[in-house]
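The structure appears below as structure tokens.
Protein chains: 2
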Amino acid sequence: MSNFDVVTPDNPEPALVAEWRDLLARHAAASCALDRELGERHDLGMSEFEVLERLVEWPPGCGPRRLQDLGPTVHLSQSALSRLIGRLVKAGLVERAVCESDRRGIFVVATTAGRKRYEEARPLHREVLARHLAGPVGRPEAGPVDRPES
Amino acid sequence: MSNFDVVTPDNPEPALVAEWRDLLARHAAASCALDRELGERHDLGMSEFEVLERLVEWPPGCGPRRLQDLGPTVHLSQSALSRLIGRLVKAGLVERAVCESDRRGIFVVATTAGRKRYEEARPLHREVLARHLAGPVGRPEAGPVDRPES
DNA sequence: GCGCATCAGATGCAAGCGAATTTAATGTGC
DNA sequence: GCACATTAAATTCGCTTGCATCTGATGCGC
Numbered sequence: 001m002s003n004f005d006v007v008t009p010d011n012p013e014p015a016l017v018a019e020w021r022d023l024l025a026r027h028a029a030a031s032c033a034l035d036r037e038l039g040e041r042h043d044l045g046m047s048e049f050e051v052l053e054r055l056v057e058w059p060p061g062c063g064p065r066r067l068q069d070l071g072p073t074v075h076l077s078q079s080a081l082s083r084l085i086g087r088l089v090k091a092g093l094v095e096r097a098v099c100e101s102d103r104r105g106i107f108v109v110a111t112t113a114g115r116k117r118y119e120e121a122r123p124l125h126r127e128v129l130a131r132h133l134a135g136p137v138g139r140p141e142a143g144p145v146d147r148p149e150s
Numbered sequence: 001m002s003n004f005d006v007v008t009p010d011n012p013e014p015a016l017v018a019e020w021r022d023l024l025a026r027h028a029a030a031s032c033a034l035d036r037e038l039g040e041r042h043d044l045g046m047s048e049f050e051v052l053e054r055l056v057e058w059p060p061g062c063g064p065r066r067l068q069d070l071g072p073t074v075h076l077s078q079s080a081l082s083r084l085i086g087r088l089v090k091a092g093l094v095e096r097a098v099c100e101s102d103r104r105g106i107f108v109v110a111t112t113a114g115r116k117r118y119e120e121a122r123p124l125h126r127e128v129l130a131r132h133l134a135g136p137v138g139r140p141e142a143g144p145v146d147r148p149e150s
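Protein chains in written order, with full-length UniProt numbering: chain A, 1 to 150; chain B, 1 to 150.
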């Protein structure tokens, strides 16, 4: 029951933990800032933006996008995704359509308003990313980092 | 209202977005696995483990740890942290003590049981980290990656 | 056609979160 | 001492999440 590991050059554990904490810090800073800024200025949460982006990115000619295909790319559970789509539908940014070839599935398509909202929000999204992602953690180039706890 | 940016070598945006998605994927995979495995085998959530680790790591001789000092290091809001400590107290892993010099504050100290639980859980924590963190995303060395949506 | 396993998505539910508010202890001006 | 701003932590509230379950559509064996 030793309190600390012996730190030797061939013990990769400290590096692993440092990497993990760095990842946590970056994720917290960026996702928190995204949620707040996108929310304030474009009424979109981070996850909403991500989903909208996948829909807009979806190459035409591949057919419309099944809800199921969306899941793995946004790291959300099936239920969370279903409700997220519900919110986007209510906001008029996205439309559901039954899939005629398999009536269990549904298609999800961004509306014109959805594409517009995405295009409006994207610059801010990229800006926040640039502010929090590039460079070592805790060193946004301009403006204060906003963290939930401070 | 162009749908896509022109991708030029001096346009850093695509790299930024790729970095962001990689970060999201790693974070989702690792934190989800940590939550589930630590929860199943040691009855600890990811955040509980992180807090416990900060308390155990806290060098002796620096005085006990204020709840407030804990906040910034675990990326949790003040309210979330307060409740998290409440859960740990209820589980007997941690103790609250009023700070006599400033009776508004409280000290948080890991109990013997808390240290024990932490030491038991740490190997699994490191193992999960190694499985999900090292190397490119989506390539754990052994065993399937468990993601919430799959 | 009929029964049944399977699959896509929606929904009930409990847990955790952040923002805002509340409670109580400090400190400051007078 | 007394009013008032400030601070630390707890608590209230609404929202999002994941798990488990439900509903309805497929499709396969017979």
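All C-beta atoms in this analysis are idealised placements derived from N, C-alpha and C, irrespective of residue type, glycine included.
Contact with chain B by residue i, beta-carbon distance below 8 angstroms
i      : result
A:L124 : no
A:L44  : no
A:A113 : no
A:R26  : yes
A:L129 : yes
A:R139 : Interpretation of A:R139 is limited by its pLDDT of 46, a score under 50 that renders its predicted location unreliable; no figure is taken from the coordinates.
A:E19  : yes
Which of helix, strand or coil DSSP assigns to residue i
i      : result
A:A33  : helix
B:R66  : strand
B:E100 : coil
B:L16  : helix
B:N3   : Residue confidence is low: B:N3 scores 48 on pLDDT, short of 50, so the model does not pin down where it sits. No coordinate-derived value is stated.
Interface residues of chain B facing residue i [CB-CB closer than 8 angstroms]
i     : result
A:W58 : Those do not exist, as A:W58 stays about 10 angstroms from chain B at its closest Cβ, beyond 8 angstroms.
A:L23 : L23, R26, H27, A30 and L133
A:L16 : R126, L129, A130, L133 and A134
Proximity test, Cβ basis, 8 angstroms: residue i and chain A
i                      : result
residue 212 of chain B : What is shown of chain B runs 1 to 150, which leaves residue 212 of chain B out entirely.
B:P144                 : Because B:P144 sits at a pLDDT of 40, beneath the cut-off of 50, its placement in the model cannot be relied upon, and the point is left open.
Unbroken alpha helix (DSSP H) run spanning residue i, endpoints
i      : result
A:A121 : T112 to L133
B:L76  : Here B:L76 belongs to no alpha helix (DSSP H), and DSSP marks it neither H nor E.
B:L55  : M46 to E57
Contacts of residue i in chain B (Cβ-Cβ under 7 angstroms)
i                      : result
residue 167 of chain A : As displayed, chain A neither begins before 1 nor continues past 150, which places residue 167 of chain A out of reach and without an answer.
When the options are compared against residue i, the one with the closest alpha-carbon
i      : options                          : result
B:H42  : B:R103, B:A97, B:V98 and B:A91   : B:A91
B:R66  : B:V109, B:Y118 and B:P60         : B:V109
A:Q68  : A:P60, A:I106 and A:G86          : A:I106
B:P72  : B:R83, B:V51, B:P60 and B:R87    : B:V51
B:E100 : B:S77, B:P64, B:P123 and B:R131  : B:P64
A:L55  : A:S31, A:H27, A:A134 and A:R96   : A:R96
B:S77  : A:E127, A:V128, A:C32 and A:L124 : A:C32
B:V128 : B:A28, B:G86 and B:R21           : B:A28
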